């Protein structure tokens, strides 16, 4: 097994090449948001309801704390999942974890079939989102730099929602894959930065590879079982409808009489 890490030795390499397509790549995701905008958003949504102590601080921490992910690649298929950390915190109040990657409970991608699957839970019901991979319409650049000993090239894109995406891919790792939903470049994406200037929170998310392993003994990836299959658009519609119902019930209160 070949292992490439952040050790200084590997930065002396001019270029690192991986020919096999059986890889494990560790990524770290870091999100920055406008703290004042978050405060305003919380106050606007909570209205007169009393929130738990340190609610804003806990929410900010969960949004911005670094999150670790593992991407397993076997030929044209991959699985991207969050690596959970054991928390020793005994503090009370709500606990939650939010990622702007949108990978649900793990993300399965099949590059050759141009599709993805992810399992999500919503209001005590399980769904499988099954849809086509995003076509990012990448614009390639001549700009280069080095990540983990790999020479990488820059590519940019603008999503349908107006997000600006900047990716760095390694041509020496010949897989059209990357973290989260990102794909479609002539080499593994080792770093991607997304800026959402239209969001009230003005979030900026950076996902960067911290380790690349080549593992010839890696076993094929099993496709997740499908349950209550819906498209991404259908999921968004269901989410919006149920969220509106939840807000309405919450505003009316449990003591409402007909």
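In this note's numbering, the protein residues as written are 15 to 272.
All residues carry an ideal CB built from backbone N, CA and C; glycine is no exception.
These numbers were taken from a predicted model, which means no experiment stands behind them.
Within 9 Å, strictly: CB atoms of residue i and residue j
{"i": "residue 142", "j": "residue 234", "result": "no"}
{"i": "residue 133", "j": "residue 127", "result": "no"}
{"i": "residue 225", "j": "residue 40", "result": "yes"}
{"i": "residue 208", "j": "residue 180", "result": "yes"}
{"i": "residue 122", "j": "residue 92", "result": "yes"}
{"i": "residue 222", "j": "residue 205", "result": "yes"}
{"i": "residue 79", "j": "residue 36", "result": "no"}
{"i": "residue 252", "j": "residue 197", "result": "no"}
{"i": "residue 166", "j": "residue 201", "result": "yes"}
{"i": "residue 144", "j": "residue 240", "result": "yes"}
{"i": "residue 95", "j": "residue 84", "result": "yes"}
{"i": "residue 150", "j": "residue 175", "result": "no"}
{"i": "residue 220", "j": "residue 43", "result": "yes"}
As assigned by DSSP and simplified to three states, the class of residue i
{"i": "residue 253", "result": "helix"}
{"i": "residue 137", "result": "coil"}
{"i": "residue 71", "result": "helix"}
{"i": "residue 162", "result": "coil"}
{"i": "residue 262", "result": "helix"}
{"i": "residue 77", "result": "helix"}
{"i": "residue 111", "result": "Reliability fails at residue 111, whose pLDDT of 42 lies under 50, so the model's placement of it is uncertain and no value is given."}
{"i": "residue 102", "result": "Residue placement at residue 102 is poorly supported in this model, since its pLDDT is 49, which falls under 50; the coordinates are not used for a value here."}
{"i": "residue 97", "result": "coil"}
{"i": "residue 268", "result": "Because residue 268 sits at a pLDDT of 47, beneath the cut-off of 50, its placement in the model cannot be relied upon, and the point is left open."}
{"i": "residue 27", "result": "No answer about residue 27 holds up, because its pLDDT of 40 lies below 50 and its placement is not dependable."}
DSSP bridge partner residues for residue i (one or two, in chain order)
{"i": "residue 125", "result": "Paired residue(s): none; residue 125 is not in a bridge."}
{"i": "residue 42", "result": "82, 222"}
{"i": "residue 146", "result": "129"}
{"i": "residue 242", "result": "DSSP output for residue 242 lists no bridge partner at all."}
{"i": "residue 231", "result": "BP columns for residue 231 are empty, so no partner."}
{"i": "residue 172", "result": "178"}
{"i": "residue 87", "result": "37, 92"}
{"i": "residue 167", "result": "158, 183"}
{"i": "residue 153", "result": "170"}
Rounded straight-line distance, which links the Cα of residue j to that of residue i
{"i": "residue 231", "j": "residue 250", "result": "39 Å"}
{"i": "residue 14", "j": "residue 170", "result": "With the chain covering only 15 through 272, there is no way to say anything about residue 14."}
{"i": "residue 183", "j": "residue 38", "result": "16 Å"}
{"i": "residue 147", "j": "residue 195", "result": "7 Å"}
{"i": "residue 178", "j": "residue 153", "result": "12 Å"}
{"i": "residue 189", "j": "residue 99", "result": "29 Å"}
{"i": "residue 109", "j": "residue 242", "result": "Reliability of the predicted coordinates at residue 109 is poor, the pLDDT of 40 falling under 50, and no value is obtained from them."}
{"i": "residue 130", "j": "residue 47", "result": "28 Å"}
{"i": "residue 138", "j": "residue 86", "result": "29 Å"}
{"i": "residue 20", "j": "residue 136", "result": "With a pLDDT of only 44 at residue 20, under the threshold of 50, the placement of this residue in the model should not be trusted; the figure read from the coordinates follows. One C-alpha to the other measures close to 39 Å."}
{"i": "residue 50", "j": "residue 74", "result": "11 Å"}
{"i": "residue 71", "j": "residue 211", "result": "23 Å"}
{"i": "residue 164", "j": "residue 45", "result": "24 Å"}
{"i": "residue 191", "j": "residue 185", "result": "11 Å"}
{"i": "residue 236", "j": "residue 260", "result": "36 Å"}
{"i": "residue 256", "j": "residue 213", "result": "22 Å"}
{"i": "residue 258", "j": "residue 81", "result": "29 Å"}
{"i": "residue 203", "j": "residue 193", "result": "7 Å"}
{"i": "residue 111", "j": "residue 187", "result": "Residue confidence for residue 111 is low, a pLDDT of 42 falling below 50, so the modelled location carries little weight; the figure read from the coordinates is stated next. Between residue 111 and residue 187, the C-alpha separation is close to 32 Å."}
{"i": "residue 69", "j": "residue 97", "result": "25 Å"}
{"i": "residue 262", "j": "residue 168", "result": "46 Å"}
{"i": "residue 199", "j": "residue 157", "result": "15 Å"}
{"i": "residue 248", "j": "residue 218", "result": "27 Å"}
In chain order, each alpha helix (DSSP H) run of at least 4 residues that lies wholly inside the segment 178–219: Within the segment 178–219, no complete alpha helix (DSSP H) run reaches 4 residues.
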